[in-house]
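**Student:** Sequential numbering from 764 applies to the sequence shown in my numbering. Even glycine gets a Cβ: it sits at the ideal position worked out from N, Cα and C.
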Amino acid sequence: MISEKDLAEFEGVPYEERISRVEKLLEGKSEPRPFELGLLLALKMGQELRQGKELGSESGDLVASWVGKYSEWTVEEAIASAKEFLTNPAALAEKIKAGFKKKAEEAEAKAAEAANAADSAPAASAETPADGRVAESEQNG
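(1) Could you tell me the distance, in whole angstroms, from the CA atom of Glu-779 to the CA atom of Lys-787?
(2) Since Ile-782 contacts Leu-800 with CB under 8 Å, what's their CB separation in whole angstroms?
(3) If we require 4 or more residues per run, which alpha helix (DSSP H) segments fall completely within the region 807-879?
(4) To which residues of the same chain is Ser-844 closer than 8 Å at the C-beta, ignoring the five residues directly before and after it?
(5) Quick check: the Cα distance between Gly-815 and Gly-823, rounded to an integer number of angstroms?
(6) If you run the structure through DSSP and keep just helix, strand and coil, what is Pro-795?
(7) In or out: Trp-836 buried (at least 16 other Cβ within 10 Å) or exposed?
Pasting the structure below:
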């Protein structure tokens, strides 16, 4: 998964190296997230624009290679993500941050829930030992 840290490091990396890094991140994945594919597509499209090539002249081949590998939904979402990267990167950055924040909040909620469950577990009373035997004083009493 591409993290917020990965994206922050990306900003100082030369453009060509950014592409190769994303390709390496995706290399071993059998099911990459559409966002990750979209990032690669946006970088490839940006490269075409920087080189004065027609948009889609090379990135179109990339998308075509995905059609056989991934679901139609994944490819469509990747294209939508790439478009958003190119047209509104600030909004996409906010979405990414919100996603990271949501994951952190969910993890905190799970941890709190687990702690509450441990706190509310019935403790063995002084009168009834944990093994369930009745104390001697109760038997004779």
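**Tutor:** Reading off the structure:
(1) Rounded to the nearest whole angstrom, the CA to CA distance from Glu-779 to Lys-787 is 13 Å.
(2) Contact doesn't hold; Cβ gap of about 13 Å is too wide.
(3) 822-832 and 835-850
(4) Pro-797, Phe-798, Leu-800, Gly-801, Leu-802, Leu-804, Ala-805 and Leu-855
(5) 16 Å
(6) coil
(7) exposed
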